[in-house]
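The next block holds one structure in the form of structure tokens; read it before the comments.
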Amino acid sequence: MNVLLIGSGGREHAIAKKIKESHKVTNFYAIPGNPGIASLATIIGDKQDCSEIVAKAQEYKVDLIVCGPEQPLVDGLADMAEAVGIKVFGPKKCGAIFEGSKIYSKQFMSKYDIPTSDYKIYRNYEEASRYIDKRVTYPVVIKADGLAAGKGVKIAKTPEEAHEALKLFMVDKIFGESGSSVVIEDFMTGEEMSALYITDSKTFLPLIAAKDYKRAFTGDEGDNTGGMGSYAPHNRLNDELRKEIDDKIIKQIRIGFAKENIDYRGVLYVGLMLTEEGPKVVEFNCRFGDPETQVILPLLENDILEVFSKCVNAKLAGYELHWKQAYSACVVLAAGGYPGHYEKGMPITFKNNHPYDFIHAGTKMKDDGTIVTSGGRVLNAVAVASSKSAALTAAYNLLEKVTFDGAFCRTDIGK
Ligand code: GLY
Numbered sequence: 003m004n005v006l007l008i009g010s011g012g013r014e015h016a017i018a019k020k021i022k023e024s025h026k027v028t029n030f031y032a033i034p035g036n037p038g039i040a041s042l043a044t045i046i047g048d049k050q051d052c053s054e055i056v057a058k059a060q061e062y063k064v065d066l067i068v069c070g071p072e073q074p075l076v077d078g079l080a081d082m083a084e085a086v087g088i089k090v091f092g093p094k095k096c097g098a099i100f101e102g103s104k105i106y107s108k109q110f111m112s113k114y115d116i117p118t119s120d121y122k123i124y125r126n127y128e129e130a131s132r133y134i135d136k137r138v139t140y141p142v143v144i145k146a147d148g149l150a151a152g153k154g155v156k157i158a159k160t161p162e163e164a165h166e167a168l169k170l171f172m173v174d175k176i177f178g179e180s181g182s183s184v185v186i187e188d189f190m191t192g193e194e195m196s197a198l199y200i201t202d203s204k205t206f207l208p209l210i211a212a213k214d215y216k217r218a219f220t221g222d223e224g225d226n227t228g229g230m231g232s233y234a235p236h237n238r239l240n241d242e243l244r245k246e247i248d249d250k251i252i253k254q255i256r257i258g259f260a261k262e263n264i265d266y267r268g269v270l271y272v273g274l275m276l277t278e279e280g281p282k283v284v285e286f287n288c289r290f291g292d293p294e295t296q297v298i299l300p301l302l303e304n305d306i307l308e309v310f311s312k313c314v315n316a317k318l319a320g321y322e323l324h325w326k327q328a329y330s331a332c333v334v335l336a337a338g339g340y341p342g343h344y345e346k347g348m349p350i351t352f353k354n355n356h357p358y359d360f361i362h363a364g365t366k367m368k369d370d371g372t373i374v375t376s377g378g379r380v381l382n383a384v385a386v387a388s389s390k391s392a393a394l395t396a397a398y399n400l401l402e403k404v405t406f407d408g409a410f411c412r413t414d415i416g417k
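Each residue of the sequence shown is one higher than the one before, counting from 3 in the numbering used here.
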């Protein structure tokens, strides 16, 4: 099977490692990739534009496109590729909208009785402002409706902060049209859990649930990021909780997919808050999580291309996933200043000279072969061990072997 992987982050490097292990891969291509992915696959393009991806896929006789990030899916990559007979692991527009529009996903949850926080929808700045003037409970969560590279959520602790966020989203349009409509929702308290499912719309195969650490700094301080570390399996995961999530959430999604004719083939990421009233949905994403994928996939025993093939051919019924009885941990090494402004192009020193002992996220290889930083989340140290603490220790020990100017990580992942 000829496979084309789309994406350039740590998530995609983790997927690439798993694809490389597969017995089913003939030729393995990537667009745009990163140095880690390039050590495993042939890079055949540098733009994540849907028409170009499909043209390259045809040129290289690709059988399956695996899409890591959400943007191409929301833009219709799967629809366009399917029109020329190429399968995509990742939903078509009708499924990607679960991440592409927070308004759509909230309305879907209301319609199908899926537990989530109470919310209001505003498409007009003055009306949203008047609502904030009257609101008495804080914090409140303000979400841009569309995609905003993980930055479109503001937890406002005061009315002033809420007004500021509304102005930034709806008037200043810092996320363009993505912020011209907003969801304003109640703040939920509890522990977060990332529950990911491989689904063909009818069968939902749960992946091992993971814990993601979204705040930038140790002690859950600082702004939200894409994720500064993760571990799996999640501490709170047990059969009882899994059944509760299945009964209250997954069963309802399945009903909704059927009623709305949503043919979803890919990963559905269900971000949960484990509240005192039970699990509630924080968000849906239409793709693997980052950095959750980095800890989930090393524990998966199945051939990943077999899993993807079953999914895109809607043959998941009766198929089983098998998991290593182990724990995995991931610690993100980020560039100073992230998630705000940060420098790029810092040379990275790999003290043991093994750059691919790490998962590459925001790195680039220069013409002279040196690897430099090129993003906010630069490298991930991932380790698997027989206990959670051993996996965390090994991941932190690995981080000792790399450095660049301004590098920082959280020191409390898994604690
Ligand atoms: N780690 C959160 C996400 O992938 O959306």
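Idealized CB from N, CA, C, for every residue including glycine.
Rounded separation between residue i and residue j - CA only
i: S53; j: L6; result: 14 Å
i: F110; j: G258; result: 8 Å
i: D147; j: V173; result: 14 Å
i: I157; j: A218; result: 15 Å
i: Y340; j: R379; result: 8 Å
i: G231; j: N382; result: 8 Å
i: E101; j: L401; result: 32 Å
i: D359; j: K366; result: 16 Å
i: S10; j: G364; result: 8 Å
i: R256; j: G347; result: 46 Å
i: S107; j: E262; result: 13 Å
i: E72; j: A98; result: 7 Å
i: H324; j: K19; result: 18 Å
i: F30; j: I21; result: 8 Å
i: A387; j: I144; result: 39 Å
i: Q60; j: K89; result: 11 Å
i: H15; j: Y62; result: 21 Å
i: K175; j: R13; result: 29 Å
i: T395; j: V334; result: 14 Å
i: N126; j: S182; result: 8 Å
i: T44; j: N4; result: 11 Å
i: S389; j: P235; result: 10 Å
i: A1; j: K403; result: Given a span of 3 to 417 for the chain in the structure shown, any question on residue 1 remains unanswerable.
i: G38; j: N315; result: 29 Å
i: K353; j: G416; result: 25 Å
Residues bridged to residue i [DSSP beta-bridge criterion]
i: D214; result: S232
i: P34; result: G9
i: P208; result: Y199
i: D188; result: V142
i: C69; result: I8
i: V64; result: None, per the DSSP bridge assignment.
i: F177; result: Beta-bridge pairing links F177 to no other residue.
i: E194; result: M275
i: T44; result: Y31
i: A336; result: R379, F410
i: G97; result: Paired residues: none, contrary to the question.
i: T220; result: DSSP output for T220 lists no bridge partner at all.
i: G268; result: T201
Extent of the continuous alpha helix (DSSP H) to which residue i belongs
i: S131; result: 127-136
i: F110; result: 104-113
i: E162; result: 161-168
i: E72; result: 72-76
i: L243; result: 241-247
i: L79; result: 79-85
i: E61; result: 52-61
i: K253; result: 253-261
Start-to-end residues for the beta strand (DSSP E) that takes in residue i
i: F91; result: 89-91
i: A146; result: 142-146
i: V155; result: 155-158
i: L149; result: Element bounds for L149: n/a, residue is neither H nor E.
i: N226; result: 223-226
i: Y121; result: 121-124
Proximity test, Cβ basis, 8 Å: residue i and chain D
i: I210; result: In the displayed structure, chain D is absent; only one protein chain is listed.
Q. Of all the alpha helix (DSSP H) runs that stay within the bounds of the segment 340-410, which reach a length of 4 or more residues?
A. 390-401
Quiz prompt | Every unbroken alpha helix (DSSP H) inside the segment 271-332 [4 residues or more] | solution = 294-298, 306-314
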